[in-house]
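Report on one structure; see the data block that follows.
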Amino acid sequence: MLRRPSIDPESKTYKFKICLVGEEGVGKTSLIHRFVSGAFDESYIRTLGAVVSKKTVALGSVQGRPVQVDMMILDIMGKRTFLQLFKEAYFHGAKGVLAVFDTTRVASLRDLTKWIDGVRDSVGPIPVYALGNKTDLTHRRETTPEEASSILRSYECPVLYTSAKSGDNVEQAFQGLAKTIVESLVTE
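So for the sequence shown, numbering that gives the first Met the number 0 puts the first residue at 0; every next one is plus one.
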């Protein structure tokens with residue numbers, strides 16, 4: 000059973016939706032599963048449509064006040080036809096995006112720009128973190144950090160390297176995006 004973090008009565012709670020986008024098989028569902036439940040499942044089950052998960056995280060202090068976030072996390076099917084047909088419905092109200100590519104498939108990095116553009120066309124210039132997933136498969140790596148930086152430069156988004164299997168940088172990715180969103184909401 001998952002425990003909710005203890006709530007500090009002085010804390011500010013934010014609620015928002017984030018979306019994970021990217022091509023099929025890049026590990027979006029596995030990243031969410033690792034973040035929400037702390038586990039990894041070796042089996043691959045294709046996401047149909049969108050699946051919603053939720054998690055509450057304590058972010059520490061923002062502007063001197065404890066902050067916690069109730070995140071609604073949308074796992075979006077990795078078919079571009081789905082993106083074209085349903086982007087407004089699924090991205091509506093999103094405050095941030097984790098755009099995921101597979102470090103063992105360079106095409107998934109090149110196609111990531113279409114996903115980011117699709118989200119921003121629907122909801123405007125919201126924060127994006129790009130995640131190079133499957134870093135545990137070092138022997139199969141096809142992408143380099145330099146290539147990712149070059150392709151994603153115009154989006155001005157951080158690029159983090161994650162492994163849903165080992166858990167490397169997964170918590171940091173979700174919490175980093177959440178903190179960026181909160182900071183953008185506080186300054187509005």
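By construction, the Cβ of each residue, glycine as well, lies at the ideal position given by its N, Cα and C atoms.
- Checking the DSSP bridge columns, you'll see Phe100 partnered with Gly131.
- For Ala147, same chain residues with a beta-carbon under 8 Å away, outside a window of 5 residues either side, are Phe100, Leu108, Ala129, Gly131 and Val158 in chain order.
- Bounds of the beta strand (DSSP E) holding Thr12 are Lys11 to Val20.
- Annotation for Ile180: the continuous alpha helix (DSSP H) segment containing it runs Val169 to Val185.
- One alpha carbon belongs to Val169, the other to Gly117, and they sit about 24 Å apart.
- Bridge pairing for Gly95: Ile17 [DSSP].
- In terms of Cα proximity to Val96, the closest of Arg104, Ile180, Leu184 and Thr186 is Ile180.
- For Leu111, the closest of Ile125, Lys164, Ala98 and Met76 by C-alpha to C-alpha distance is Ala98.
- Scanning its chain for C-beta atoms nearer than 8 Å, with the 5 sequence neighbours on each side dropped, one finds around Lys11 the residues Val61, Arg64, Pro65, Val66 and Gln67, in chain order.
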